[in-house]
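Structure first, commentary second.
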């Protein structure tokens, strides 16, 4: 089944990569997503003139400080608790989008 492209990413493909990075950092990257990222890693290396895995390329492009996954996980745990107290469900994808929007857009 074909699903239409998400307008969120139109003209901003790196935005989705950042969300994948956040999902990976919190342990919520699906197997399908991981496989996709492994498959596009050679293209990422070529596009960004970087070596390494897809995570290393994103870290280098964003000039992240040391240990970004640990910091992202801290925010994830904190936001899960805030959502729980508020009685709402926070999906990993929702968190990834919110985190990217608040920190990188």
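Numbering (our numbering), first residue to last: 3 to 107.
Just so it is clear, CB atoms sit at the ideal spot from N, CA and C, and this is done for glycine as well.
Since the structure is predicted, the reported quantities are computational estimates derived from the model, not experimental observations.
>> Between the alpha carbons of residue 63 and residue 23, how many angstroms are there, rounded?
In response: 12 Å
> Going by C-alpha distance, which of 68, 58 and 101 is nearest residue 79?
Replying inline: 101
> Do the region 90-100 and the region 53-61 meet, that is, are 3 or more Cβ pairs less than 8 Å apart?
Replying inline: no
> Quick one: is residue 77 near chain D, going by C-beta distance under 8 Å?
Replying inline: Within the model displayed, chain D is absent; a lone protein chain is all it includes.
> Nearest-angstrom Cα distance between residue 99 and residue 21?
Replying inline: 6 Å
>> Once DSSP output is grouped into helix, strand and coil, what is the label at residue 55?
In response: coil
> Helix, strand or coil for residue 39 per DSSP?
Replying inline: helix
> In its own chain, which residues sit with a C-beta less than 7 Å from the C-beta of residue 66, not counting the 5 before and 5 after it?
Replying inline: none
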